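Number of protein chains: 2
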Amino acid sequence: MFQPPRGTRDLLPEEMIKRQFIVDTARSVFEKWGFDPLDTPAFEEFELLTAKSGQAIKDEIYYFKDKSDRELGLRFDFTVPAARVISSNPNLQRPFRRYQLGPVWRYDRPGAGRYREFWQADIDIFGSSGIDADAEVVACACEALQKMGISNFYVRINNRKIMNAFLGSLNLDATDIMRSIDKLNKIGDEGVREELKSKKVGEKDISSIMKFAKTSSIEKIREFIDDGVKELEQLAVMLKKFNVSVRIDTSLVRGLEYYTGSVFEIMQEGSNLTITAGGRYDNMIEGFGGKSTPAVGISLGVDRLMELVQLDLGKTRVDVYIANVDEKSKEKCVEIAQQLRELGINVECDVMSRPLAKQLEYVNTKGIKFSVVIGEKEMKSGVLKLRNMQSGSEKDIELRNLKRVLDVIRSN
Amino acid sequence: MFQPPRGTRDLLPEEMIKRQFIVDTARSVFEKWGFDPLDTPAFEEFELLTAKSGQAIKDEIYYFKDKSDRELGLRFDFTVPAARVISSNPNLQRPFRRYQLGPVWRYDRPGAGRYREFWQADIDIFGSSGIDADAEVVACACEALQKMGISNFYVRINNRKIMNAFLGSLNLDATDIMRSIDKLNKIGDEGVREELKSKKVGEKDISSIMKFAKTSSIEKIREFIDDGVKELEQLAVMLKKFNVSVRIDTSLVRGLEYYTGSVFEIMQEGSNLTITAGGRYDNMIEGFGGKSTPAVGISLGVDRLMELVQLDLGKTRVDVYIANVDEKSKEKCVEIAQQLRELGINVECDVMSRPLAKQLEYVNTKGIKFSVVIGEKEMKSGVLKLRNMQSGSEKDIELRNLKRVLDVIRSN
Chain A
1 MFQPPRGTRD LLPEEMIKRQ FIVDTARSVF EKWGFDPLDT PAFEEFELLT AKSGQAIKDE
61 IYYFKDKSDR ELGLRFDFTV PAARVISSNP NLQRPFRRYQ LGPVWRYDRP GAGRYREFWQ
121 ADIDIFGSSG IDADAEVVAC ACEALQKMGI SNFYVRINNR KIMNAFLGSL NLDATDIMRS
181 IDKLNKIGDE GVREELKSKK VGEKDISSIM KFAKTSSIEK IREFIDDGVK ELEQLAVMLK
241 KFNVSVRIDT SLVRGLEYYT GSVFEIMQEG SNLTITAGGR YDNMIEGFGG KSTPAVGISL
301 GVDRLMELVQ LDLGKTRVDV YIANVDEKSK EKCVEIAQQL RELGINVECD VMSRPLAKQL
361 EYVNTKGIKF SVVIGEKEMK SGVLKLRNMQ SGSEKDIELR NLKRVLDVIR SN
Chain B
1 MFQPPRGTRD LLPEEMIKRQ FIVDTARSVF EKWGFDPLDT PAFEEFELLT AKSGQAIKDE
61 IYYFKDKSDR ELGLRFDFTV PAARVISSNP NLQRPFRRYQ LGPVWRYDRP GAGRYREFWQ
121 ADIDIFGSSG IDADAEVVAC ACEALQKMGI SNFYVRINNR KIMNAFLGSL NLDATDIMRS
181 IDKLNKIGDE GVREELKSKK VGEKDISSIM KFAKTSSIEK IREFIDDGVK ELEQLAVMLK
241 KFNVSVRIDT SLVRGLEYYT GSVFEIMQEG SNLTITAGGR YDNMIEGFGG KSTPAVGISL
301 GVDRLMELVQ LDLGKTRVDV YIANVDEKSK EKCVEIAQQL RELGINVECD VMSRPLAKQL
361 EYVNTKGIKF SVVIGEKEMK SGVLKLRNMQ SGSEKDIELR NLKRVLDVIR SN
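Protein sequence lines correspond, in order, to chains A and B. The numbering used here numbers the first residue of the first sequence as 1 and each following residue consecutively. The numbering used here numbers the first residue of the second sequence as 1 and each following residue consecutively.
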């Protein structure tokens, strides 16, 4: 029997309803913050995908050739395709504020909650170097989480310029050191010290680095470096105005090498799990041959959000099932179904020619919230009973006043 | 400069807003008819994709190996993945009514309106052999088109059983003949006759076939064959009850070989363009190793619908731009923006530190419908002017009564 390819999964209706809730909520909040939708193809030229990405990501790209021997690869994020769009459309208005929702692919080791096809929800602002843009993407992402019912989170922020300046002053290779510091949450103090030692960093420098990485107040950081501090402070102030719970964390560097300024992570309170992350990358568009364009963005991992969202969203989108008592009442069922659909209600009728008891069994198993039974009695009386399948309560509703069905459904 | 790979395209906001309208409308109508969402991975095992498909489609599959040498391919439709889900999940409730929306890929010759990545919107009912299921998928698709503002269409219907029985009576290979008849609209009467001749079909049989293919009344078809006619008649009657404009057309066979009963196409009136098509395929699930499961479905081509939808949906999702007179009023702008967002309004503020005139130029070029200017005057008076950028008309609105903004936007 065929299964989904390793590392991928099907989403059956119950899970799909959850993902749609997350994606719809993200989209609605993104649009409220003035972001417009953009879409790009699932695959890109392989050369584009590898141009600005480190070896680790290169190894994870699904690579193939089309029938004209073009080298292609499935996109592994939305940042690279968006940067391509910006660099090849120089006439796009600035700022270009776009969101993109959909699947991306990485040939990663699959595991609990880790898939080779996974969904992202990204917002980015292209063309603005103002820290207000940084603050907007973070605050917007926070509102999206809140609208999904997720509230136990805080935002870690840092600025790459600070770390770069500091490491520069020690005469060390910034990129390499940052990779180690980035692991502080995972391998702990001793782990990072060991790794730095193996990278031939001297004891004194290690102490400076560790002391620096654990600094968490604006005052202390200013003692180290001044460049970038202003941006970090500005971001913190702006985020507080947006009521975002923010913590400065100089150990935060983010793995991706293309960040140039602000970096941020939204963390789950308690678990220290990263829910979503992003930063400023002012050099990427130019690197793709476009005109120099500052950029900042954040990316929500939809599959992780599916684990965090706790709301009961139901197993089906069907609101009402209209059961028929016999073949004779079927036509009336279809007629009522059509009237309810006109009102915007999601309705299902029998297409299996099942007896009534079997129809109601189906309603229960499928988790449909309301049912109506139509037979000779209802057709004569012109009154139907709308039954709440969970509570068992019933409401009499006249056929000529079907709008009341909507009221009952909405009040539940 | 990098471009999208050949045969694919980016959707910038204006086009993306159109596609979202189509996809959202389809989804909302599908759900009103009791269909639930399903998603499957973008790629499947190559063996699955080729198991039940003809050579023509096989040649169009984007094929690749993952890093463990698994043979994979990008999906070319939603029917095969859905059939896999059904066959490998025997405990799914019947009927299983699902819709699926998203991109599929075919390595086809690109051309006007033809893309190698294109979107489909599918509904299928699995587990029901009743013609009411056939009628529901067709009527539901028709309502989706109407809700998109498309009304000049009719539905061609036929039933494969009729054609199979007829061709069987002539001792001819049904599949091969049907491929020729399927081209009647494209190559015309003479073209089909020539092609049948080249397939060694006798003159008398060709005449019978051509006469049959042009039959369009229930009465005449019954003279030919009876099996399948009942289903066709039933479908026509049911569709008329759903107010669907329906025409019987015995030349309609549909290229795909897996259809077993009803086949249907929704045609644009006048142009004879196929907008969407589908049919019944009762043998596919069993062919994939699942238990025998009747199935019927229809597929809307979203990219074609993008050409047909004529509504003006705007160039941006932003409703209101809040312009600042100077740096001092920026904070107030953000505050008002947040209040409007709470009301569900899509709002954008400046992040470019632009002077007022430049901000309003941006509003015009981007096509944002409403603007507000905030400066010392507005902060003192507590009254803002909501300007309709198209008509130039302005409405005074008190800051403590921002709900009125919503009324003005909605009434436009």
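The beta-carbon is built from N, C-alpha and C at its ideal position, and this holds for glycine as well. Note that this is a predicted model, so its numbers are computed, not measured.
- Can you tell which of A:Tyr63, A:Pro37, A:Trp33, A:Asp36 has the C-alpha that lies nearest to the C-alpha of glutamate 47 of chain A? A:Tyr63
| request: Between the Cα of proline 90 of chain A and those of B:Glu31, B:Glu15, B:Met1, B:Phe96, spot the shortest distance and give me the residue it belongs to. | output: B:Met1
- Query: If you drop the 5 nearest sequence neighbours on each side, which residues of the same chain put their C-beta closer than 6 Å to that of asparagine 164 of chain B?
  - Reply: Ala174
Can you check whether the C-beta of lysine 332 of chain B is within less than 7 Å of a C-beta belonging to chain A? no
Exercise. Are the C-beta atoms of glutamine 93 of chain A and some chain B residue less than 7 Å apart?
Worked result: yes
Starting from the N-terminal side, write out each stretch of the alpha helix (DSSP H) that is 4 residues or longer and does not extend beyond the segment 316-342 of chain A.
-> 330-342
**Prompt:** What is the C-beta distance between phenylalanine 30 of chain B and cysteine 140 of chain B, in whole angstroms, given that I count them as a contact (C-beta under 8 Å)?
**Reply:** 7 Å
Item to complete: Buried or exposed for asparagine 346 of chain A, please, with buried defined as at least 16 other CB atoms from any protein chain shown within 10 angstroms of its CB.
Response: buried
Next item on the list: Please go through the same chain and pick out, in chain order, the residues whose beta-carbon is closer than 7 Å to the beta-carbon of lysine 404 of chain A, but skip the five residues on each side of it.
Entry: The question names lysine, but residue 404 of chain A in the sequence shown is arginine. Hits under 7 Å: Ile397.
- Query: The alpha helix (DSSP H) spanning asparagine 364 of chain A covers which residue range?
  - Reply: 356-366
Next on the checklist: Tell me the residue span of the beta strand (DSSP E) that contains glycine 73 of chain B.
Outcome noted: 71-74
Item to complete: Assign proline 81 of chain B to one of three DSSP states: helix, strand, or coil.
Response: helix
In angstroms with no decimal places, state the Cα-to-Cα distance between methionine 379 of chain B and tryptophan 33 of chain A. 22 Å
- [ ] Within the same chain, show all residues whose beta-carbon is closer than 6 Å to that of leucine 384 of chain B, passing over the 5 residues directly before and after it, in chain order.
- [x] Val372, Glu378, Ile397
Reference serine 353 of chain B; option with closest CA among A:Asn412, A:Leu311, A:Gly127
A:Gly127
Checklist line | Chain-ordered neighbours of methionine 475 of chain B on chain A, where CB pairs are closer than 9 Å | finding: No statement about residue 475 of chain B is possible, as the shown extent of chain B runs from 1 to 412 and does not include it.
Check your understanding: Which chain B residues are close to glutamine 3 of chain A, counting only those with a beta carbon under 7 Å from its beta carbon?
Key -> Ser88
- Message: With distance defined between alpha-carbon atoms, name the residue in A:Pro103, A:Tyr107, A:Ala133, A:Gly113 nearest to tryptophan 119 of chain A.
- Response: A:Pro103
Ordered list of beta strand (DSSP E) runs contained in the segment 141-194 of chain B, each at least 3 residues
153-159
Taking only the alpha-carbon atoms, compute the straight-line gap between phenylalanine 153 of chain A and isoleucine 266 of chain A and give it to the nearest angstrom. 7 Å
(request) Put glutamate 15 of chain B into one of helix, strand or coil per three-state DSSP. (result) helix
- Item | arginine 109 of chain A versus B:Ala82, B:Asp108, B:Lys67, B:Asp132, residue with shortest Cα-Cα distance | B:Lys67
Taking buried to mean at least 16 other C-beta atoms within 10 Å of its own C-beta, is glutamate 307 of chain B buried or exposed?
-> exposed
Three-state secondary structure assigned by DSSP to isoleucine 225 of chain A = coil
Practice item. Compute the Euclidean distance between the alpha carbons of valine 80 of chain A and glutamine 339 of chain A, then round it to the nearest angstrom. Key: 48 Å
Next on the checklist: Quick check: what's the CA-CA separation for valine 320 of chain A versus leucine 12 of chain B?
Outcome noted: 38 Å
Suppose the cutoff is 8 Å on Cβ atoms and the five residues either side in sequence are ignored; what does the same chain contact list for glutamate 195 of chain A look like?
Ser180, Lys183, Ile187
| said: In the DSSP output, what is leucine 311 of chain B paired with across the bridge? | reply: The partner list for leucine 311 of chain B (beta bridge, DSSP) is empty, contrary to what the question assumes.
query = If you run the structure through DSSP and keep just helix, strand and coil, what is aspartate 24 of chain B?
reply = helix
Q) Using the beta-carbon count (16 or more within 10 Å), is glutamine 359 of chain B buried or exposed? A) buried
Cβ of leucine 101 of chain B less than 7 Å from any chain A Cβ?
no
Review point. Does the Cβ-Cβ distance between lysine 332 of chain B and isoleucine 374 of chain B come in under 7 Å?
Key: yes
Legend entry - Whole-Å CB distance - asparagine 158 of chain B paired with leucine 252 of chain B, under 8 Å assumed: 4 Å
*Which listed residue (A:Ala56, A:Ile322, A:Leu235, A:Met16) has its alpha carbon closest to that of alanine 357 of chain A*: A:Ile322
**Asked** In angstroms, rounded to a whole number, what distance separates the CA positions of asparagine 185 of chain A and valine 23 of chain A?
**Response** 29 Å
Checklist line | Which listed residue (B:Glu286, B:Leu305, B:Arg304, B:Asp312) has its alpha carbon closest to that of serine 88 of chain B | finding: B:Glu286
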